[in-house]
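Since the structure comes first, as structure tokens, the remarks are kept for the end.
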Amino acid sequence: MSWKTRLAAALVTLPLLTVVQPAHAASPIDMTSGFYVNPNSSPAVWARGNPGDARAARIQSSIGSKPIARWFGNEGGVGGLVASYVGAADANDKLPVLVAYNIPGRDACGGHSGGGAGSVSAYRTWISSFAAGVGTKPAVVVIEPDSLGDFSCMSAAAVQDRLGMLTYATQMFQQKAPNAYVYLDGGNAGWVAPATMASRLLSAGVRNVRGFSVNVSNYYTTGASTGYGNSVVSSLGYAAKFVVDTSRNANGDNGEWCNPAGRKLGATAQVGGGAEMLLWIKTPGNSDGLCGIAPTTPAGQFNPAIAIRLIDGT
18 MSWKTRLAAA LVTLPLLTVV QPAHAASPID MTSGFYVNPN SSPAVWARGN
68 PGDARAARIQ SSIGSKPIAR WFGNEGGVGG LVASYVGAAD ANDKLPVLVA
118 YNIPGRDACG GHSGGGAGSV SAYRTWISSF AAGVGTKPAV VVIEPDSLGD
168 FSCMSAAAVQ DRLGMLTYAT QMFQQKAPNA YVYLDGGNAG WVAPATMASR
218 LLSAGVRNVR GFSVNVSNYY TTGASTGYGN SVVSSLGYAA KFVVDTSRNA
268 NGDNGEWCNP AGRKLGATAQ VGGGAEMLLW IKTPGNSDGL CGIAPTTPAG
318 QFNPAIAIRL IDGT
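Okay, so the sequence shown: first residue is 18 according to the working numbering, each after it adds one.
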């Protein structure tokens, strides 16, 4: 073959080499055979560690054996931790759900889960490592619960910094995690008006990812949450997808958000159900803070008494 012939052949095939791949190369749902059950979730660890406690078997059966999201905060080496977690799920052909929860000034209004990265630059490094840890593995990721609902407790400069960090986060997942479905958190049905939330989501880069999450760590019914989610979609003006946290919403909301009594476990993780997915994003049994029915249990710490009340709906 002459060099001219080879050159012509190369020119014909060149466009195939320069095609830009879509943001999501494949559906992580189709790539897996169900949701991943974390054997080291806080309820599972508690049940294993307390075999003599009469509550242990019930907690393991009703909560510890179910698919629950794994939250990642300001741990060192987050990229490696994330890679290990999604790798374990992938080895079992299951779909893991992860939560990125490390934005500076997090929980500005609630105050019980404060903290996060120490600076904008630290956060950018952290979230970039998180996305790289997911890599090409199938995953579902929720970005920064409460981060777009907290604006009333933040300065204008802090709001702009946050929008920039969230936009950067969406870009990192778009670039580094092509087989992940990623959702910016969109608050809950009782917090921010749908049109306002849609505007905030757009400013935070929601078009770079799959969509948004609703009702994370809250109690609104699935019906109320899907209604809110659909209203946000209408205000966005395009067919964004959303997921709903159903971990504690079977009895709905009673006007309290911090360890209220009388709440109950909701529908377990599934595709569909009125949203793209229903998920247990908040770990049932983990405290919301020093309040309500667990006034001495810090936010994020497992309390078996809370877990049993969620099982019984009391």
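Ideal Cβ placement from N, Cα and C applies to all residues, glycine included.
query, result
"So Ser258 is in the beta strand (DSSP E); what residue range does that whole segment cover?", "For the sequence presented, residue 258 should be read as Lys rather than Ser. Its beta strand (DSSP E) spans residues 258-262."
"Can you check the region 33-101 for any beta strand (DSSP E) of at least 3 residues that lies completely inside it and give the ranges in chain order?", "87-89"
"Nearest to Gln318 by CA position, among Trp63, Val159, Trp297, is which residue?", "Trp63"
"In angstroms with no decimal places, state the Cα-to-Cα distance between Ile310 and Asn276.", "6 Å"
"In whole angstroms, what is the alpha-carbon distance linking Ala106 and Gln191?", "21 Å"
"Which first and last residues belong to the alpha helix (DSSP H) in which Ala148 is found?", "137-151"
"Can you tell me where the alpha helix (DSSP H) holding Val250 begins and where it ends?", "239-253"
"Given Pro39, which residues of its chain have a CB within under 6 Å of its CB, disregarding the five upstream and five downstream residues?", "Residue confidence is low: Pro39 scores 41 on pLDDT, short of 50, so the model does not pin down where it sits. Its coordinate-derived value is still stated next. Contacts found: none."
"Among the residues of its own chain, which have a CB less than 7 Å from the CB of Leu327, if the five just before and after it don't count?", "Arg265, Arg280, Lys281, Leu282, Pro301, Gly302"
"Could you give the C-beta distance for Pro84 and Ala324, rounded to a whole number, given that I count them as a contact under 8 Å?", "Going by Cβ atoms, the distance from Pro84 to Ala324 rounds to 16 Å, so no, they are not a contact pair."
"For the beta strand (DSSP E) holding Phe229, just list the boundary residues, first then last.", "228-231"
"Tell me where the beta strand (DSSP E) around Val116 begins and ends.", "114-117"
"Going by the CB atoms, is the gap between Trp274 and Tyr236 shorter than 9 Å?", "yes"
"Classify Arg65 as buried or exposed, calling it buried when 16 or more other Cβ atoms lie within 10 Å of its own Cβ.", "exposed"
"With DSSP collapsed to three states, give me the class of Ile160.", "strand"
"With distances taken from CA atoms, which of Leu307, Pro315, Gln287, Gly269 is nearest Thr331?", "Gly269"
"What's the C-alpha gap between Gly254 and Pro68?", "52 Å"
"Which same chain residues, not among the five before or five after Arg87, have their C-beta less than 8 Å away from its C-beta?", "Asn55, Ser58, Tyr102, Pro113, Val114, Leu115, Val116"
"Span of the beta strand (DSSP E) holding Tyr198?", "197-202"
"Let me check one thing: in DSSP terms, what residues is Val209 bridge-paired to?", "None, per the DSSP bridge assignment."
"Any contact of the region 195-213 with the region 172-180, i.e. 3+ C-beta pairs under 8 Å?", "no"
"With DSSP run on the structure shown, which of helix, strand or coil describes Met294?", "strand"
"Could you check what DSSP says for Cys126 in three-state terms: helix, strand or coil?", "coil"
"Spatial neighbours of Trp143 within its chain, please: C-beta separation below 7 Å, excluding the five flanking residues on both sides.", "Val95, Asn119, Ala134"
"Flag this pair as yes or no: are the beta carbons of Ala173 and Ala125 separated by less than 9 Å?", "no"
"Give me the residue from Gly291, Cys308, Ala212 with the minimum Cα distance to Ser130.", "Cys308"
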